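Heads up: the structure comes next, in structure tokens.
Numbering (my numbering), first residue to last: 76 to 531.
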């Protein structure tokens with residue numbers, strides 16, 4: 076397992092780091108003059124953000140099924156190359172129509188990244204091991220905010236290069252780094268244990284058997300794409316409830332990614348642009364710490380639903396402070412409370428869904444559904460902070476207080492339902508219900524198999 080950790084996790088972590096940077100660097104570019112140079116007025120900036128999520132949502136599930144069809148070892152490097160090039164192309168746009176076009180294509184390439192990596196790691200790790208491993212790459216989201224702010228500050232200090240302005244250099248330099256990493260990943264990522272040149276034959280068999288042992292009612296790890304299994308993954312009650320939670324959480328996470336530089340500017344308007352960029356870094360560092368800590372504790376206790384519930388109160392307190400005071404120091408402190416819990420829900424929800432379906436196809440569809448719902452939340456977030464609501468943004472802050480409160484209630488209700496349904500399953504006669512069914516019919520049952528138990 077440790078050898079798998081060293082070979083798989085670092086590569087996907089770096090790729091996801093720059094995936095999030097290439098998406099969110101527009102917030103840093105805004106501080107550096109993007110709006111003025113492109114002639115953006117009114118809600119044009121919100122429109123530019125929204126266009127990204129339209130393609131992101133539409134291509135989410137198809138992208139994850141394509142990842143399964145192509146194999147993650149090819150799909151993840153290719154899609155990374157695509158969004159790296161999109162970042163570079165953003166440096167050459169000159170009006171709102173061009174940047175909207177590039178952001179739309181960026182959404183297509185990034186659509187499969189988060190669910191694709193989650194699905195890829197489910198090929199290598201047991202259900203109990205997934206939460207912590209997912210946190211190690213999803214922690215790149217808050218680290219991308221911190222690193223992106225630092226990198227943007229450093230780029231702004233560079234002398235002008237040719238025709239490029241400071242915000243154009245942010246997109247160009249970060250895109251070039253992404254393209255370089257994607258090319259390297261073609262050599263470092265491998266589809267599955269059986270094709271890993273860095274494992275011995277004995278290690279390949281062990282890695283495969285570890286995963287196969289958890290597949291109830293089947294002896295195969297990588298099944299063929301099947302409509303019944305796709306529907307089972309999407310229609311699982313736990314998939315749907317957890318996906319709604321991720322939707323609500325992503326309103327907060329993506330809103331923080333796109334608007335934290337703007338929020339900092341309203342709190343500290345007298346600071347220089349570089350200083351404002353640097354003020355965005357500390358909340359993300361705190362968020363990164365808790366994105367590993369909370370799933371790490373979850374991994375230790377092999378429980379996820381209770382930690383999903385416990386993430387909500389800190390976010391609620393943070394937005395209550397935003398609504399309750401105009402004091403700059405208090406509002407800046409509130410960003411730390413929000414970041415400390417909001418980012419942790421991504422690894423918790425994706426691993427929770429992955430652990431509660433059986434087949435490889437159902438898992439691919441379920442993770443894709445979760446991330447698709449999350450990106451609907453991302454689309455909503457692009458309109459949560461608008462210029463007319465500045466500088467205190469009561470509508471956006473009120474919306475995020477409402478979403479975090481709903482997460483608390485829905486998470487608790489889901490935990491109650493899990494325990495209730497497991498008790499009902501325990502009282503049923505699995506042998507009688509499965510009598511007369513073929514092996515394929517039993518496999519297609521997935522979570523409906525009476526021997527299956529939800530993992531809370």
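Heads up, the beta-carbon is just placed ideally off N, CA and C, and yes, glycines get one too. Fair warning: this is a prediction, and the values are worked out from it, not measured in the lab.
- Judged by beta-carbon spacing, residue 171 lies beyond the 8 Å limit of residue 226, meaning their Cβ atoms are not closer than that value.
- For residue 359, the enclosing alpha helix (DSSP H) stretches over residues 356 to 376.
- Cβ neighbours of residue 412 within its own chain (closer than 6 Å, five residues either side excluded): 389, 392, 393.
- Rounded to the nearest whole angstrom, the C-alpha separation of residue 380 and residue 184 is 31 Å.
- Within its own chain, the residues whose Cβ lies closer than 7 Å to the Cβ of residue 150, once the five positions on either side in sequence are excluded, are 141, 142, 187, 191, listed in chain order.
- Within the same chain, 416, 479, 480, 482, 483, 486 come within 8 Å of residue 387 by CB-CB distance, once the 5 residues on both sides are set aside.
- In this structure, the CA atom of residue 273 is about 15 Å from the CA atom of residue 261.
- The beta carbon of residue 203 sits closer than 6 Å to the beta carbons of 377 from its chain, once the five residues preceding and following it are set aside; these are given in chain order.
- Selection 383, 176, 321 evaluated against residue 490 yields 383 as nearest (Cα-Cα).
- Of 436, 212, 116, 455, the smallest CA-CA separation from residue 304 is found for 436.
- Straight-line measurement puts the Cα of residue 97 at about 14 Å from the Cα of residue 255.
- Taking all protein chains in view, the Cβ of residue 344 is surrounded by fewer than 16 other Cβ atoms within 10 Å, so the residue is classified as exposed.
- The Cβ atoms of residue 221 and residue 360 lie closer than 8 Å to each other.
- Selection 177, 419, 106 evaluated against residue 217 yields 419 as nearest (Cα-Cα).
- The DSSP-derived three-state label of residue 239 is strand.
- For the pair residue 194 and residue 442, the CB atoms are nearer than the 8 Å cut-off.
- Judged by DSSP secondary structure, residue 299 falls outside any alpha helix (DSSP H); it is assigned neither H nor E.
- The residue among 89, 268, 248 with its C-alpha nearest the C-alpha of residue 146 is 268.
- The C-beta separation of residue 453 from residue 321 comes to about 10 Å, leaving the pair out of contact by the 8 Å criterion.
- Shortest Cα-Cα distance from residue 155 to any of 426, 107, 175, 189 involves 189.
- Rounded to whole angstroms, the Cβ separation of residue 309 and residue 440 is 5 Å, and the two are in contact under 8 Å.
- Excluding sequence positions up to five before and after residue 219, its CB lies within less than 7 Å of the CB of 92, 95, 96, 99, all in the same chain and listed in chain order.
- Residue 133 is positioned such that its CB atom lies no closer than 8 Å to that of residue 179.
- Counting along the chain, no alpha helix (DSSP H) covers residue 264, and no H or E run does either.
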